[in-house]
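Residue numbers (my numbering): 1 to 313.
We treat Cβ as the ideally placed atom computed from N, Cα and C, and that holds for glycine.
Here the structure is a predicted model, which is why all the values come from computation and not from measurement.
Worksheet for the structure shown next.
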Amino acid sequence: MRYGHVAGIDRPVARIVLGSTSFAQGRADLAKDLIETYLAAGGNIVDTAAIYGGGWSDRNIGEWLRTGGRREDILILSKGAHHDSRGDRVSATEISYDLGLSLERMGTDHVDLYVLHRDDPNVHVSEVMNTLHHHHARGRIRAIGGSNWSIPRIEEANAYARQHDLLQFSASSPNIALAVAKEPMWANCISISGDEASKAWYGSHAMPLFSWSSQAGGFFSGRFNRDDHSNADMVRVYYNDENWARYDRAVTFGADLGLTPTQVALAWVLNQPGLQTHALVGPATVEELQSSLAVADLELSPEQVRWLSHGDL
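Below is the structure:
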């Protein structure tokens, strides 16, 4: 397992992050098996959110902690302020509500990295940063970041924090995947997969990236093909000649190393030149998790990363 540093967290952070979207109601045993398998492989951070599984991701992490799991063995990346049917929820009240709810469900007094699930550009950064700092000062949050926050908003938020001696964003969580999204899978989501300018900004600011949908929602799994248009969302977001060419190159590259295309796609995320990338994976089984962990230490050269993206130029 490779690790990175996140400002505010006092130990190295695993580059593969265990996602908890499969920790559904009645799946406490699966959650335990996944966490234990992940820890045994050197992993040390689990991703959860107030909205996941109607709260069951949080609850099943809490169940693991209550039945023998040691809090000091795991870092918790928790997300909040996701919109609902009423609209955006990026406000002091909603941020505090989601954080408190997650802490209660997990039975812990703090999360190590708290990430806002979405942004609302209509809300001034002062409200956001003052609220997050309030909880940091009370020991509930160690570090903070934004998921699907634009670079200008991150710059604005951190400038305000510096001016007022507040905790700054030390991580960002956009989508990064070998398959380049044609449009967002969900509203108000941000992908920088093919955005070299954004990658350059993150590299120059040494800001760690936590990629959601790091394996492009299963695009490289073999479950989809050029002629199968049954999944409208996958077609809308990923189906084009460029991404199918990337799939073909992942197949070719993996054949030489005994890797699946999905494993190659994950290795691509973890080996972005000049970037500290962490990949969120969402295994539904222990076998799927083990497949992802198998490439945790695989190093790709910049030339290999470029070839997987663009082929022979």
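Quick one: is residue i buried, meaning 16 or more other Cβ sit within 10 Å of its Cβ, or exposed?
i: G87; result: exposed
i: Q276; result: buried
i: G19; result: buried
i: S204; result: exposed
i: R70; result: exposed
i: G315; result: No statement about residue 315 is possible, as the shown extent of the chain runs from 1 to 313 and does not include it.
i: D212; result: Note that residue 212 corresponds to Trp in the displayed sequence, not to Asp. With 16 or more other Cβ atoms within 10 Å, it is buried.
i: T67; result: exposed
i: S230; result: exposed
i: T93; result: exposed
i: A187; result: exposed
i: R118; result: buried
i: A40; result: exposed
i: L257; result: exposed
i: A197; result: exposed
Determine, using beta carbons only, whether residue i and residue j come nearer to each other than 9 Å.
i: Q263; j: A284; result: no
i: A232; j: A14; result: no
i: A265; j: L132; result: no
i: K182; j: R236; result: yes
i: D10; j: R142; result: yes
i: I61; j: I76; result: yes
i: R89; j: D58; result: no
i: L166; j: M129; result: yes
i: G80; j: L65; result: no
i: N175; j: S193; result: yes
i: A279; j: I35; result: no
i: N44; j: D84; result: no
i: V180; j: S191; result: yes
i: G55; j: L103; result: no
i: A28; j: H82; result: no
i: V286; j: D47; result: no
i: L209; j: L259; result: no
i: A7; j: Q168; result: yes
i: H135; j: Y114; result: yes
i: L289; j: A267; result: no
Would you identify the three-state DSSP class for residue i, choosing helix, strand or coil?
i: G53; result: helix
i: H135; result: helix
i: R306; result: helix
i: G194; result: coil
i: L275; result: coil
i: D297; result: coil
i: V6; result: coil
i: I95; result: helix
i: S204; result: helix
i: D29; result: helix
i: T48; result: strand
i: A14; result: strand
i: L259; result: coil
i: V111; result: strand
i: D120; result: coil
i: V251; result: helix
i: D84; result: strand
i: S78; result: strand
Measure how close the beta-carbons of residue i and residue j come, nearest whole angstrom, since I'm counting them as under 8 Å.
i: C189; j: N122; result: With a Cβ gap of about 17 Å, C189 and N122 do not count as contacting.
i: Y247; j: P261; result: 6 Å
i: E63; j: S91; result: The pair is not a contact, with the Cβ atoms about 30 Å apart (cut-off 8 Å).
i: A250; j: L308; result: 6 Å
i: S78; j: V111; result: 4 Å
i: G145; j: M185; result: In fact, because the Cβ distance is near 20 Å, the residues do not count as touching under 8 Å.
i: Q304; j: K199; result: Not a contact, Cβ separation roughly 17 Å.
i: T21; j: G254; result: T21 to G254, Cβ: 25 Å. No contact.
i: G42; j: M1; result: 3 Å
i: F220; j: M234; result: With a Cβ gap of about 11 Å, F220 and M234 do not count as contacting.
Would you say residue i touches the ligand MN, meaning its beta carbon is less than 8 Å from a heavy atom?
i: E63; result: This structure lacks the ligand MN; in fact it carries no ligand of any kind.
Taking only runs of the alpha helix (DSSP H) that begin and end inside the region 213–241, which ones reach a length of at least 4 residues, in chain order? 232–238
Which residue spans inside the region 124–189 form an unbroken beta strand (DSSP E) run of at least 3? 141–147 and 169–173
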